[in-house]
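Last residue of the sequence shown: 125 (my numbering), numbering continuous. To keep things clear, I will list the structure first and then write my remarks on it.
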Amino acid sequence: MFRPLWLAFRGAVLATAVFWVAKIIVEKLHWQAPLDLTEQLIFFVIFFLGMLMIEKK
Numbered sequence: 069m070f071r072p073l074w075l076a077f078r079g080a081v082l083a084t085a086v087f088w089v090a091k092i093i094v095e096k097l098h099w100q101a102p103l104d105l106t107e108q109l110i111f112f113v114i115f116f117l118g119m120l121m122i123e124k125k
């Protein structure tokens with residue numbers, strides 16, 4: 069019954085951790101996206117890669 073919720077929670081925690089690690093790395097490299105959209109770009113890349121990892125049944 070709670071399996072879908074557990075999978076969603078685990079995915080959200082993992083995505084959040086990846087986002088913060090990527091953000092820290094980008095800040096250490098002093099890289100910035102145009103129009104100050106760095107955080108949004110990182111989020112989009114992580115979201116897009118997450119969509120590619122979904123199993124299709």
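Here a beta-carbon is modelled for each residue, glycine too, at the ideal position from N, C-alpha and C.
Nearest-angstrom Cα separation, counted from residue j out to residue i
{"i": "THR106", "j": "LEU97", "result": "12 angstroms"}
{"i": "GLU95", "j": "LYS124", "result": "35 angstroms"}
{"i": "GLY118", "j": "ALA80", "result": "10 angstroms"}
{"i": "LEU103", "j": "LEU120", "result": "27 angstroms"}
{"i": "TRP74", "j": "ILE92", "result": "27 angstroms"}
{"i": "MET69", "j": "TRP99", "result": "44 angstroms"}
{"i": "PHE77", "j": "GLN108", "result": "21 angstroms"}
Short Cβ contact (7 angstroms threshold) for residue i with residue j
{"i": "ALA90", "j": "ILE122", "result": "no"}
- prompt: Three or more beta-carbon pairs under 8 angstroms between the region 111–119 and the region 82–97, yes or no?
  reply: Output reads yes: the region 82–97 touches the region 111–119.
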